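Residue numbers for the sequence shown, in the numbering used here: 1 to 236. Yeah, the Cβ is synthetic: ideal placement off N, Cα and C, and Gly gets one too. This one's a predicted model, so the numbers in the text were calculated from it and none came from an experiment. Remarks on the structure that follows.
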Amino acid sequence: MPSASSPIWSSIGKKILMSLTGLAMFGFLLGHLLGNLPLLMLEKSADDYNRYSHFLIGLGGLLILIELILLGGLLFHAWTAVSIVRGKRRARPERYHKVQSAGGASRKTLGASTMILTGLVILLFVPLHLKTFKFGPGASGEKEYVTVVDGVEMRDLHKLVMETFQDPIYVAWYVLAMICLGFHLSHAFWSAFQSLGLYHDRYTPWLYSGGRVLAFLISAGFLVVPVWIYFMEGSQ
Ligand code: HEM
1 MPSASSPIWS SIGKKILMSL TGLAMFGFLL GHLLGNLPLL MLEKSADDYN
51 RYSHFLIGLG GLLILIELIL LGGLLFHAWT AVSIVRGKRR ARPERYHKVQ
101 SAGGASRKTL GASTMILTGL VILLFVPLHL KTFKFGPGAS GEKEYVTVVD
151 GVEMRDLHKL VMETFQDPIY VAWYVLAMIC LGFHLSHAFW SAFQSLGLYH
201 DRYTPWLYSG GRVLAFLISA GFLVVPVWIY FMEGSQ
């Protein structure tokens, strides 16, 4: 464990570790979105979706290791963000009166100025999300949530997702959380590259725009799934 005076705990060291954990979660989100987009095909996706989740569960120890790394990364990311903000407040106790975009490279956008708020919403969203799906009905083998695909018994996670998104409260909460995720990512991607020192006059504007487009696609992709299921599955 590095000592308290180690450079790794300096503000720059923290930002670098935050960027690396953030980028790892970004990678997870891309994969998770690709795994969930087939849900847009509603009942047609049932077997493939359950097969995919059964495959993931079958990874056993490897999956648990990846989950622990992601969980550690998320907690570390959140703790570091809060400690950087507290450090800045200590260094400059009086607040700025007005947050304004300074244009150019300052990037004081809505996404940038609401990072802590949107981050806290995501931090609340993740455990509730895991409770709903990962540890929700069927996690202990309840018969109503067991299905057979290719002759193999497995958890009917597809049924749980379809049922969950029939509840307008859940759908509204997911929409709100995904908008927050979009704002958070819209600043995070560019900021991570900047903290890692990857700055280039020609490529940085592309990275900045590309990051915002990716953030939009990821949050819009996650947002569309519950809304689509709510309206389309309900009408079948
Ligand atoms: C439409 C939106 C989403 C749907 C339908 C969805 C669905 C699911 C389901 C069904 C599981 C359980 C998988 C299993 O137990 O095998 C799961 C796990 C998980 N989800 Fe989501 N998810 C969505 C969005 C998100 C978002 C936006 C995040 C993060 C901000 C997220 C983070 C996670 C995490 C960390 C896990 C645990 C992964 C694992 O242990 O394998 N999900 N999701």
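Shorter than 8 Å, the distance from the beta carbon of residue i to the closest heavy atom of ligand 1, or not?
{"i": "Phe281", "result": "The requested residue 281 does not occur in the structure, where the chain is confined to residues 1 to 236."}
{"i": "Val149", "result": "no"}
{"i": "Phe125", "result": "yes"}
{"i": "Glu142", "result": "no"}
{"i": "Met178", "result": "yes"}
{"i": "Val225", "result": "yes"}
{"i": "Leu65", "result": "no"}
{"i": "Val161", "result": "yes"}
Need the endpoints of the alpha helix (DSSP H) that residue i sits in, please.
{"i": "Thr118", "result": "115-132"}
{"i": "Thr80", "result": "61-91"}
{"i": "Ile16", "result": "11-36"}
{"i": "Ser53", "result": "46-58"}
Helix, strand or coil: which one does DSSP assign to residue i?
{"i": "Ile218", "result": "helix"}
{"i": "Thr147", "result": "strand"}
{"i": "Ser240", "result": "With the chain running from 1 to 236 in the structure shown, residue 240 is simply not present."}
{"i": "Thr109", "result": "coil"}
{"i": "Ser140", "result": "coil"}
{"i": "Gly210", "result": "helix"}
{"i": "Leu223", "result": "helix"}
{"i": "Phe231", "result": "helix"}
{"i": "Tyr170", "result": "helix"}
{"i": "His184", "result": "helix"}
At which residues does the beta strand (DSSP E) containing residue i begin and terminate?
{"i": "Glu153", "result": "152-155"}
Find out if the Cβ-Cβ distance for the pair residue i, residue j is shorter than 9 Å.
{"i": "Gly22", "j": "Ala192", "result": "yes"}
{"i": "Phe76", "j": "Leu17", "result": "yes"}
{"i": "Ala78", "j": "Leu123", "result": "yes"}
{"i": "Phe189", "j": "Gly221", "result": "no"}
{"i": "Tyr230", "j": "Phe165", "result": "yes"}
{"i": "Val227", "j": "Val175", "result": "yes"}
{"i": "Val213", "j": "Asp47", "result": "no"}
Answer with yes or no whether the minimum CB distance from residue i to chain B is below 9 Å.
{"i": "Asp167", "result": "Note that chain B does not occur in the displayed structure, where there is just one protein chain."}
With a threshold of 8 Å (Cβ to nearest heavy atom), would residue i be considered close to ligand 2?
{"i": "Val146", "result": "Questions concerning ligand 2 fall outside what the structure shown contains, since the ligands it does hold are ligand 1."}
- Could you say if the stretch 80-91 and the stretch 34-42 meet the contact criterion of at least three C-beta pairs nearer than 8 Å? no
- Message: Tell me whether the stretch 113-123 and the stretch 173-189 touch, counting them as touching only if at least three CB pairs, one residue from each stretch, are closer than 8 Å.
- Response: As far as the Cβ criterion goes, the stretch 113-123 touches the stretch 173-189, which means the pair count is three or higher.
- Task: Inspect the CB distances between the stretch 197-205 and the stretch 135-146 and report whether three or more fall short of 8 Å.
- Result: no
- Message: Taking contact to mean 3 or more Cβ pairs, one atom from each stretch, closer than 8 Å, check whether the stretch 43-57 and the stretch 153-169 are in contact.
- Response: yes
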